[in-house]
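Quick notes on the structure that follows.
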Amino acid sequence: PKISGKVDPLSTWSTLPEILGKMQKMAGRRTSEKKKLPISEARPIIEEQELEKLMENLDIKKAAIAAVEQSGIVFIDEIDKICSPSGKYRGADASAEGVQRDLLPLIEGSTINTKYGNVQTDYILFVASGAFHHVKPSDLLAELQGRLPIRVELKGLTEGDMYRILTEPITNLLAQQVELMQAEGIELEFEEGAVREMARVATEANRLLENIGARRLHTIVERVMEDISFEAPDMEETRVVVTKELVEERVSSLLVKSDLSKYIL
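Numbering follows my numbering, in which position 53 of the sequence shown is assigned residue number 764; successive positions increment by one, without gaps.
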């Protein structure tokens, strides 16, 4: 087939990088070769070739840009990490203020150059989140606060929430431990009281120490399973039951009401 080397700048919306990309793709194509294949092997190849033809005919990039501009949602996590107490930016914190100022035009509405074309952010929904343990949302730049007018404060996880996290997800922490023990030929079982106790200890530890949310459950489960996992390859028993008493024994040290480690030099 003949390939025309002319590009009409008036009838195409492609940018120069897109044109160069197409030329590189055409230059990198291999010359066609004939092969004899069984129908079972030839069919996937033909389907892939026909799909590529259909994809070329559709204006996918243009449709994707339009979808992003009209229905796009951008989630900015850990926004409190670019914030300093009372707006005092010193040393390394000075760059945090610069990041906030760079976010201003994006959230307010501007044209962003991407490899797929220009994207306007006027109608894109921006959602930001952060723990704000050491700073407050009011410590953000006043201009940035104005770009994020709706503020929602979430409540801390309760003991019931911790229990649901341990039981409801299909791949929850306890199910993962059960599968790991099955690899060693051991049937692991968690009693209801043990699960409730782990949820209670996680909630209490978050209250007494630093509130790190559901991440505390990783610490609880690892403490409970530490000795069991280490001794699993040499165990003669094929069934292990985790009881409430075992959980209390393993995680009791977490409920120390004062973190004395900060006083140790």
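The beta carbon of each residue, even a glycine, is placed where N, CA and C say it ideally should be.
Would you kindly work out how many angstroms separate the C-alpha atoms of residue i and residue j, rounded to a whole number?
i, j, result
"G871", "V838", "27 Å"
"V962", "L868", "19 Å"
"T831", "E759", "Contrary to the premise, residue 831 reads as Gln rather than Thr in this sequence. Roughly 33 Å separates the two Cα atoms."
"K1042", "N922", "Here the chain covers residues 712 to 976 and nothing more, so residue 1042 does not appear."
"E915", "D813", "40 Å"
"K847", "A853", "12 Å"
"L966", "S821", "51 Å"
"A925", "E789", "16 Å"
"K955", "L891", "21 Å"
"I787", "L851", "14 Å"
"Q887", "S964", "24 Å"
"D833", "G841", "23 Å"
"A979", "A753", "Given that the chain is displayed from residue 712 to residue 976, the structure contains no residue 979 and the question cannot be resolved."
"R862", "S782", "21 Å"
"E763", "I756", "11 Å"
"G904", "E864", "32 Å"
"E948", "E942", "11 Å"
"F901", "A913", "16 Å"
"E819", "I750", "56 Å"
"Y816", "G809", "Note on residue identity: the sequence assigns Pro, not Tyr, to residue 816. Those two C-alpha atoms are separated by around 12 Å."
"Q811", "L765", "43 Å"
"D770", "H845", "48 Å"
"E761", "M946", "57 Å"
Spatial neighbours of residue i within its chain, please: C-beta separation below 6 Å, excluding the five flanking residues on both sides.
i, result
"R950", "E898"
"N917", "R927"
"I784", "L836"
"F843", "D791"
"V906", "L877"
"V953", "F901 and A905"
"R911", "E870"
When DSSP labels each residue in this structure, what does residue i get in the three-state scheme?
i, result
"D935", "Reading off the sequence shown, one finds Val at residue 935, where the question assumed Asp. In this structure, V935 counts as helix in the three-state DSSP scheme."
"L762", "helix"
"N824", "strand"
"N917", "helix"
"P712", "Low per-residue confidence applies at P712: pLDDT is 45, beneath 50, and the placement is therefore not dependable enough to give any value."
"D872", "helix"
"F941", "helix"
"E947", "coil"
"A839", "strand"
"V846", "coil"
"E900", "strand"
"V953", "strand"
"I787", "strand"
"V889", "helix"
"V830", "strand"
"G857", "helix"
"D813", "helix"
"I923", "coil"
"E744", "coil"
Ordered along the chain, which non-local residues of its own chain (more than five positions away) have a Cβ less than 8 Å from that of residue i?
i, result
"N883", "I876 and L877"
"M909", "M873, L877, L928, I931, V932, V935, V958 and V962"
"A775", "Y827"
"W724", "The pLDDT assigned to W724 is 46, lower than 50, so where the model puts this residue is not dependable; a value taken from the coordinates is nonetheless given after this. Same-chain partners within the cutoff: K773 and G828."
"L885", "L877, T878, F901, V906 and V932"
Using C-beta distances below 7 Å, list every residue in its chain close to residue i, excluding the 5 sequence neighbours before and after it, in chain order.
i, result
"K772", "Y827 and G828"
"E744", "none"
"V889", "L899"
Nearest by alpha-carbon distance to residue i: which of the options is it?
i, options, result
"I939", "G904, K764, L920 and G896", "G896"
"S795", "A886, R907, S849 and E864", "S849"
"I931", "A894, V958, E947 and I823", "V958"
"A807", "I793, L817 and E761", "I793"
"E937", "I823, E902 and E960", "E960"
"T825", "E900, E942 and E780", "E780"
"P944", "A894, V953, V952 and L919", "A894"
Does residue i get closer than 7 Å to chain C when you measure Cβ to Cβ?
i, result
"S821", "Considering every chain present, this structure includes no chain C. It has just one protein chain."
With a threshold of 6 Å (Cβ to nearest heavy atom), would residue i be considered close to the ligand HEM?
i, result
"A842", "Among the components of this structure there are no ligands whatsoever, and the ligand HEM is therefore not found."
Report yes or no: do the stretch 840-859 and the stretch 872-880 share at least 3 C-beta pairs separated by less than 8 Å?
no
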